[in-house]
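*Asks:*
Residue numbers (the working numbering), protein chains in the order written: chain A, 34 to 353; chain B, 33 to 595.
1. Go ahead and pull the three-state DSSP assignment for residue 220 of chain A.
2. Take residue 253 of chain A and list the residues in its own chain whose beta-carbon comes closer than 8 Å to its own, dropping the five residues that flank it on each side.
3. With 8 Å as the threshold, decide whether the Cβ of residue 70 of chain A is near any Cβ in chain B.
4. Quick one: using the 10 Å Cβ neighbour count with 16 as the cut-off for buried, is residue 59 of chain B buried or exposed?
5. Under 8 Å, do residue 358 of chain B and residue 305 of chain B count as touching if we go by C-beta distance?
6. Just to confirm, is the Cβ distance from residue 287 of chain B to residue 217 of chain B under 8 Å?
7. What residues in its chain sit with their C-beta under 6 Å from that of residue 71 of chain B, if we drop five residues either side in the sequence?
8. Name the chain B residues whose beta carbon is nearer than 7 Å to that of residue 342 of chain A?
9. Put residue 276 of chain B into one of helix, strand or coil per three-state DSSP.
10. Measuring only the C-alpha atoms, how far is residue 579 of chain B from residue 191 of chain A?
11. Output the residue ranges of the beta strand (DSSP E) runs that lie fully inside the stretch 213 to 261 of chain A and measure 3 residues or longer, sorted by chain position.
12. Is residue 516 of chain B close to chain A? Criterion is C-beta to C-beta, closer than 8 Å.
13. If you draw a straight line from the alpha carbon of residue 62 of chain B to that of residue 427 of chain B, how long is it in whole angstroms?
14. Beta strand (DSSP E) containing residue 171 of chain A: first to last residue?
15. When Cβ atoms are compared, which residues of the stretch 262 to 276 of chain B fall closer than 7 Å to chain A?
16. Leaving out five residues before and five after residue 291 of chain B in sequence, what residues of the same chain have Cβ atoms less than 8 Å from its Cβ?
17. Does DSSP put residue 67 of chain B in a helix, a strand or coil?
18. To the nearest angstrom, how far is it from the Cα of residue 145 of chain B to the Cα of residue 199 of chain B?
19. State yes or no: is the beta carbon of residue 120 of chain A nearer than 8 Å to at least one beta carbon in chain B?
20. So, is the C-beta of residue 353 of chain A closer than 8 Å to a C-beta in chain B?
21. Kindly indicate which three-state DSSP category residue 349 of chain A falls into: helix, strand or coil?
22. Closer than 9 Å, Cβ to Cβ, to anything on chain A: give me those residues from the stretch 207 to 230 of chain B, in chain order.
23. Buried or exposed: which applies to residue 306 of chain A, given that a residue is buried once 16 or more other Cβ atoms fall within 10 Å of its Cβ?
24. Thinking just about the alpha-carbon of each residue, which of B/320, B/372, B/342 and B/480 is nearest to the one in residue 602 of chain B?
25. Specify, as a first and last residue, the run of the alpha helix (DSSP H) that residue 246 of chain B falls within.
26. Is the beta carbon of residue 370 of chain B closer than 8 Å to that of residue 447 of chain B?
27. Report buried or exposed for residue 314 of chain A, applying the criterion of at least 16 other Cβ atoms within 10 angstroms of its Cβ.
28. Using a Cβ-Cβ distance under 8 Å, would residue 271 of chain A count as near chain B?
29. For residue 310 of chain A, return the contacting residues in chain B, with the cut-off set at a CB-CB distance below 8 Å.
30. Under the rule that 16 or more other beta-carbon atoms within 10 Å means buried, what is residue 197 of chain B, buried or exposed?
31. So is residue 134 of chain B in contact with chain A if we call contact Cβ pairs under 8 Å?
32. Can you tell me whether residue 43 of chain A is buried or exposed, with buried defined as 16 or more other CB within 10 angstroms of its CB?
33. Quick check on this structure: which residue in A/317, A/237 and A/292 has the alpha carbon closest to the alpha carbon of residue 269 of chain A?
34. Could you please tell me which residues of the stretch 127 to 155 of chain A, in chain order, have their CB closer than 9 Å to any CB of chain B?
35. By the 7 Å beta-carbon criterion, what residues does the stretch 279 to 295 of chain A contribute toward chain B?
36. Which same chain residues end up closer than 6 Å to residue 238 of chain A when comparing Cβ atoms and leaving out the 5 residues on each side of it in sequence?
Dropping the structure here:
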């Protein structure tokens, strides 16, 4: 009786967490946000392999500089960097994608020998997404016929000040390749969808959206999404201030591969000047291109009013 | 005392100097009228010699050189005062909204004795859905107060007083056929009220105008002028008794400023060529009786340059425009924005918020001939050590009045209202003076010295030195003890300056730095980072005559100052 109750709770929790979708194969996981700024900022990645599995995992980074000439790099394409490392069933491996810790080798006294590091060998600020897939020793993809093989978690952190945020890796539970079909994903924002959000006064807080387009062949193709701010459904561009004030503008931003888009770059200067001391709310959505995962970050730097530096982020949900 | 002093030429010279200093506008801040702390989230409102602002939850007005007058106290913590407006002329009046649990109401208060006393508050609307109000007075002395709620749930009212605010009559207004209304901007020309607006009609974004006969308050005509992209703002004015307006929108993905001017019965579209592609934050305007129009605005091109100050002149009633920059191009990497303008005859004074000194200040530019020519130099009004922002300007009583908000220190938490008056001749003199500054060579030498001092300090763990080299905005927030206790476990062994690049008062320093982390605990586990050389780019800011290292948060890229 007790066992049955526990099992029911587990199933309910699972459904609440992941939503209800078909349970087919799924052993490629997507980490939509990898942020590195060696040696200050790292992303600690953990991959769990419950099995079935094959001999190795293929780690594929699609990456690009966060800035070009001091300007945020929203539209630049990504380069691809591959690593193949052994795996076992069951297994967990954690590593620092920036390579600052343990030179990118497995962390936390892992007794297994992976034969090399896992990190993206770049320094300075970079943005990336990471695909992890079952493979052979040469990195050739291998289907293992399970929807529970791989899972993942990531923490993005400033290793010196301690600020951090994290997320769970994404699965398309209907396939094993490098395609993430939005129809099978939970909380990806589709073209035409808008998601409500609020923001604090921009003269104190920074609000930023990590956007990673998702779709077919993500290991090889730079997908694009155009994001906009909206003030109402259906797509009416603009935003709300506090005190029921409305601002109208249309400032789309194209994101190629992945990017962290500053709220400032989604508004016109008129609105920015008006809202700098108050903040407001609105909707963010995709006006063209691929579906995307959108994480909202907000942080305040060294402000004693808020206890110092604060950093917070979460995945925006399409469930209004 | 004075006869005695006249016997001593040196002493007399000192006295005259002090006397001039005291009279000279802005000299050491002696003639700055300050008061506060004010609610700096509301820009100061300036009309003639009077400013209007919020302080301690109350609404105040203040004449330059006089004590503040409380217009309204919110009375309860649950009641807030919003959307204030002020008009000062023969009649001085203030309008505002009060929002509480019972809803919102619109109030009016006037002074009929030049601001010595104000009468009781008059309730214009006991319950309104408006999100904002605006008021003005026409040349006949009629007072108009607009209440508006924009968006899909539109509510529009106008209250009209023809007896100087003693009584008002409130009329509902309607703009038919729109599913959403934005940017409503009213204008009175002769006996007609014009409502310029943007909105959504049949699913399309449009811009239009509605004409209402004031005597009967009956609509004369509603014109949808153009299908357009989103409109950010509309500024209305009249040119030789013809209604006109300028609005900001976008065309083919680029921002534009367009204007409509009524000619005979039609409205003609005249784009302001030269403003294409500029994301204009704000504009101000003046129209002379002969139809000459002067517009000042700030605009930017993303990724190319930050907000800069422009003037656009039309000699032919708004049909053709000559657009030019009027600020200093040396500081394109910092922000100059939100200009306001005042005019006296041919003389024009423009003020704006300027971050060339990294810490924003108020600067002024003069034109003696209606914007045909501009004096070469602009004038620093607020002083480099004061964090001053959101200026307004007016002309009254033979002088230009400027009001702005000013933070008490670089922590940027508490601000005062600052007011200043200066006459044209003084302003011209100030514009002719050379500003103190350093040459590029001097700046680079100072920069290298400061960079070396910082990294020598980092290697020696001389945290007092490295702390003091951080920018003052960071230090205003973070006390030394906190800084020292959060330095992290990095041990620096060597550094080399690979290159420096100075742009205005911002510099970028490329470095090679060798460091190690002997011990660090991450996620509960002890680890280390071996000795390694990295390349880095630090930003330095030239503030108060010296360089400071800009604090940049590694995770977010954020800092304590935006310029």
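Note that the Cβ used here is the ideal one computed from N, Cα and C, for glycine as well.
Bear in mind the structure is a predicted one, so any value in this text is a computation, not a measurement.
*Replies:* Considering the structure as presented:
1. Taking the first chain and counting its residues from 1, the one referred to as residue 220 of chain A is at position 187. It is coil, neither helix nor strand.
2. Translated into the one-based positions of the first chain, residue 253 of chain A becomes position 220. 113 and 211, listed in sequence order.
3. In the first chain, the residue the question calls residue 70 of chain A occupies position 37. At a cut-off of 8 Å, the C-beta of residue 70 of chain A has a neighbouring C-beta in chain B.
4. Mapped onto the second chain, residue 59 of chain B falls at position 27. Caution applies to residue 59 of chain B, whose pLDDT of 38 falls short of 50 and renders its modelled position unreliable; the value that the coordinates give is listed next. By the neighbour-count rule (16 or more Cβ atoms within 10 Å), residue 59 of chain B is not buried but exposed.
5. Here residue 358 of chain B refers to the residue found at position 326 of the second chain. Here residue 305 of chain B refers to the residue found at position 273 of the second chain. For residue 358 of chain B and residue 305 of chain B, no; Cβs fall outside 8 Å.
6. By one-based count along the second chain, residue 287 of chain B stands at place 255. By one-based count along the second chain, residue 217 of chain B stands at place 185. No, the pair does not count as a contact, with Cβ atoms beyond the cut-off.
7. Numbered from its first residue, the second chain carries residue 71 of chain B at position 39. Apart from sequence neighbours up to five positions away, the residues of its chain that approach residue 71 of chain B with a beta-carbon distance below 6 Å are 86, ordered along the chain.
8. Here the question's residue 342 of chain A lines up with position 309 in the first chain. Correct list: 585.
9. The sequence position of residue 276 of chain B within the second chain is 244, counting from 1. In the three-state DSSP reduction, residue 276 of chain B falls in the strand class (E or B).
10. Here residue 579 of chain B refers to the residue found at position 547 when the second chain is read from its first residue. Here residue 191 of chain A refers to the residue found at position 158 when the first chain is read from its first residue. Looking at the two C-alpha atoms, the distance is approximately 27 Å.
11. 227 to 232 and 238 to 247
12. As a working note, residue 516 of chain B is residue 484 in the second chain. No, residue 516 of chain B lies away from the interface with chain A (no Cβ there is under 8 Å from its Cβ).
13. Along the second chain, one-based indexing puts residue 62 of chain B at 30. Along the second chain, one-based indexing puts residue 427 of chain B at 395. The predicted position of residue 62 of chain B is uncertain, since its pLDDT is 40 and thus under 50; a value taken from the coordinates is nonetheless stated next. Residue 62 of chain B and residue 427 of chain B have their C-alpha atoms some 21 Å from each other.
14. Here residue 171 of chain A is taken as the residue at index 138 of the first chain, counted from 1. First-last for residue 171 of chain A: undefined, no H or E at that position.
15. 262, 263, 264 and 265
16. Against the second chain, residue 291 of chain B aligns to sequence position 259. So the qualifying residues of the chain are 276, 277, 278, 279, 301, 302, 303, 304 and 350.
17. Looking up residue 67 of chain B in the second chain gives position 35. Correct three-state label for residue 67 of chain B: strand.
18. Taking the first residue of the second chain as 1, we reach residue 145 of chain B at position 113. Taking the first residue of the second chain as 1, we reach residue 199 of chain B at position 167. Rounded to the nearest angstrom, the two C-alpha atoms are 18 Å apart.
19. Taking the first chain and counting its residues from 1, one reaches residue 120 of chain A at position 87. Look at residue 120 of chain A: its C-beta is not under 8 Å from any C-beta on chain B.
20. Taking the first chain and counting its residues from 1, the one referred to as residue 353 of chain A is at position 320. Residue 353 of chain A does not count as touching chain B.
21. Position 316 of the first chain, counted from the first residue, corresponds to residue 349 of chain A. Coil.
22. 212, 214, 215 and 230
23. Here residue 306 of chain A corresponds to residue number 273 of the first chain, with the count starting at 1. Label assigned to residue 306 of chain A: buried.
24. The structure shown does not extend to residue 602 of chain B, since chain B is modelled only from 33 to 595, so the question has no answer here.
25. Counting from one through the second chain, the residue named residue 246 of chain B turns up at place 214. Segment: none, residue 246 of chain B is in no alpha helix (DSSP H) and carries neither H nor E.
26. Numbered from 1 along the second chain, position 415 holds the residue referred to as residue 447 of chain B. Numbered from 1 along the second chain, position 338 holds the residue referred to as residue 370 of chain B. Taking 8 Å as the Cβ cut-off, residue 447 of chain B and residue 370 of chain B do not qualify as a contacting pair.
27. Locating residue 314 of chain A in the first chain gives position 281, where the first residue counts as 1. Classification of residue 314 of chain A: exposed, given that the 10 Å Cβ count is below 16.
28. Reading the first chain from its first residue, position 238 is the one you call residue 271 of chain A. Yes, its Cβ sits closer than 8 Å to a Cβ of chain B.
29. Here residue 310 of chain A refers to the residue found at position 277 when the first chain is read from its first residue. Those are 72 and 73, listed as they occur along chain B.
30. On the second chain, residue 197 of chain B is found 165 positions in, with the first residue counted as 1. Buried, because 16 or more other Cβ atoms sit within 10 Å of the Cβ of residue 197 of chain B.
31. In the second chain, residue 134 of chain B corresponds to position 102, counting from 1. No, because no Cβ of chain A sits closer than 8 Å to the Cβ of residue 134 of chain B.
32. In the first chain, residue 43 of chain A corresponds to position 10, counting from 1. Low confidence applies here, because residue 43 of chain A scores a pLDDT of 38, under 50, leaving its location unreliable and the question unanswered by this model.
33. Taking the first residue of the first chain as position 1, residue 269 of chain A is located at position 236. Minimum Cα distance to residue 269 of chain A is reached at A/317.
34. Under the 9 Å Cβ criterion, the stretch 127 to 155 of chain A contributes 127, 129, 133, 134, 135, 136, 140, 141 and 142.
35. Residues passing the 7 Å Cβ filter: 279, 281, 282 and 283.
36. Working through the first chain from its first residue, we reach residue 238 of chain A at position 205. These residues qualify, in order along the chain: 331 and 333.
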